[in-house]
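Chemist:
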Amino acid sequence: MAKTVLVVEDNELNMKLFHDLLEANGYNIVQTRNGLEALDLARTHRPDLILMDIQLPEVSGLEVTKWLKEDDDLRAIPVIAVTAFAMKGDEER
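When we follow our numbering, the leftmost residue of the sequence shown carries the number 1, and every step to the right adds one.
#1: Classify LEU51 as buried or exposed, calling it buried when 16 or more other Cβ atoms lie within 10 Å of its own Cβ.
#2: Would you call ILE54 buried or exposed, if buried means 16 or more other Cβ atoms sit within 10 Å of its Cβ?
#3: Note down, in chain order, each residue of its chain lying with its Cβ closer than 7 Å to the Cβ of VAL59, except the 5 sequence neighbours on either side.
#4: Alpha carbon to alpha carbon, how far is LYS66 from LEU6? Give it in angstroms, no decimals.
#5: My guess is that THR9 and ARG43 are in contact by the Cβ rule of under 8 Å, so how many angstroms apart are they, rounded?
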């Protein structure tokens with residue numbers, strides 16, 4: 001059975017890149033551009049991995065990741081933070 005990856009990314013080109021790479025390697029992909037929707041999708045689909053853009057509109061990916069890790073049912077899902085705009089200090093967060 002294929003593993004499922006939840007991609008949370010608001011940039012259309014980045015979303016397409018993640019989608020194409022994951023699909024080519026046999027993963028199921030669930031995607032959203034919205035951090036709040038990501039929580040609902042994580043609860044519904046129980047992905048094996050979440051790729052989380054840290055700079056989302058409305059609510060940051062860092063905040064969404066914090067909420068995921070505070071949820072007993074979701075905290076075990078690994079989250080990889082991604083961004084196109086790494087700033088000094090982002091690594092510490």
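A virtual CB, placed ideally from N, CA and C, is assigned to each residue, including glycine.
No experiment lies behind these values; they were computed from the predicted model shown.
Modeler: From the atom records:
#1: By the 10 Å Cβ count, LEU51 comes out buried.
#2: With at least 16 other beta carbons inside 10 angstroms of its own, ILE54 counts as buried.
#3: Within the same chain, VAL59 has close Cβ partners GLY35, LEU36.
#4: Approximately 16 Å between the Cα atoms of the pair.
#5: According to the sequence as given, residue 9 is Glu; it is not Thr. Their Cβ separation, rounded to whole angstroms, is 19 Å, which puts GLU9 and ARG43 out of contact at 8 Å.
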